[in-house]
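*Asks:*
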Amino acid sequence: MSFPPSPHMARALAEARSAAALGEVPVGAVVTDAAGQVIAAAGNRTRSLADPTAHAEILAIRAAAAALGAERLTGCTLHVTLEPCAMCAGAIAHARLARLVYGAADPKGGGVAHGARVFAQPTCHHRPDVIAGVAEDEAAALLCAFFAARR
Numbered sequence: 007m008s009f010p011p012s013p014h015m016a017r018a019l020a021e022a023r024s025a026a027a028l029g030e031v032p033v034g035a036v037v038t039d040a041a042g043q044v045i046a047a048a049g050n051r052t053r054s055l056a057d058p059t060a061h062a063e064i065l066a067i068r069a070a071a072a073a074l075g076a077e078r079l080t081g082c083t084l085h086v087t088l089e090p091c092a093m094c095a096g097a098i099a100h101a102r103l104a105r106l107v108y109g110a111a112d113p114k115g116g117g118v119a120h121g122a123r124v125f126a127q128p129t130c131h132h133r134p135d136v137i138a139g140v141a142e143d144e145a146a147a148l149l150c151a152f153f154a155a156r157r
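Reading the sequence shown from the start, the letters are residues 7 to 157 in the numbering used here.
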């Protein structure tokens, strides 16, 4: 079941489209503070930066931490177009984000509802509230179109 995009997910989708225009996998992320103000936004940049860790979530978390001057993003929400991978889920837990809102599920590479299920592990020290399926259809369509154009 797909929920319509919130303004923050709409911004994450715009970041994903910008990433696709650069030849990057179209994933976008936005971090909002407890008041709902955007404090960081990013799209995937693994190719542009020649950095396998430059996922949209990691870049947005880094920018939010720098903007707040703190390594913990307590009370903040991460809005991302695709279910985070295990690496990004680990970063979400370490950053102590209060909420994770994501669009499309990722049965192959996801680390939240699929795969490693990072937040379900007993070694995970922080588990954010998770809301899945926001703008799922639009996020999935962006990814499908991107990969279809490359086949």
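All C-beta atoms, glycine included, are put in the ideal place defined by N, C-alpha and C.
Let's see if you can read the secondary structure: which residues bound the alpha helix (DSSP H) around Asp135?
*Replies:* Premise fails: Asp135 lies in the beta strand (DSSP E), 135-138, not in any alpha helix (DSSP H).
*Asks:* Here's the rule: buried if 16 or more other CB atoms are within 10 angstroms of the residue's CB, otherwise exposed. What is Glu89?
*Replies:* Buried, since its Cβ has 16 or more Cβ neighbours within 10 Å.
*Asks:* Ends of the beta strand (DSSP E) at Ala41?
*Replies:* Per DSSP, Ala41 belongs to no beta strand (DSSP E) and is neither H nor E.
*Asks:* Taking the beta strand (DSSP E) that Ala76 belongs to, which residues open and close that run?
*Replies:* Note, Ala76: premise wrong, no beta strand (DSSP E); not H, not E.
*Asks:* Check whether the stretch 36-48 touches the stretch 64-76, taking contact to mean three or more Cβ pairs, one atom from each stretch, closer than 8 Å.
*Replies:* A contact exists between the stretch 36-48 and the stretch 64-76.
*Asks:* Within its chain, find whatever has a CB closer than 7 Å to the CB of Ala92; leave out the 5 residues flanking it on each side and keep chain order.
*Replies:* For Ala92, where only same-chain residues beyond five positions count, the Cβ hits under 7 Å are Gly117, Gly121, Ala122, Val124.
*Asks:* Out of curiosity, what's the CA-to-CA distance linking Thr83 and Ser12?
*Replies:* Near 13 Å, if we compare the C-alpha coordinates of Ser12 and Thr83.
*Asks:* Tell me the DSSP secondary structure of Leu88 in three-state form.
*Replies:* Strand at Leu88.
*Asks:* Taking a contact to mean a Cβ-Cβ separation below 8 Å, would you say Val31 touches Glu63 in this structure?
*Replies:* Not closer than 8 Å, so no.
*Asks:* What are the boundary residues of the alpha helix (DSSP H) that Ala154 is part of?
*Replies:* Ala154 -> alpha helix (DSSP H) spans 142-154.
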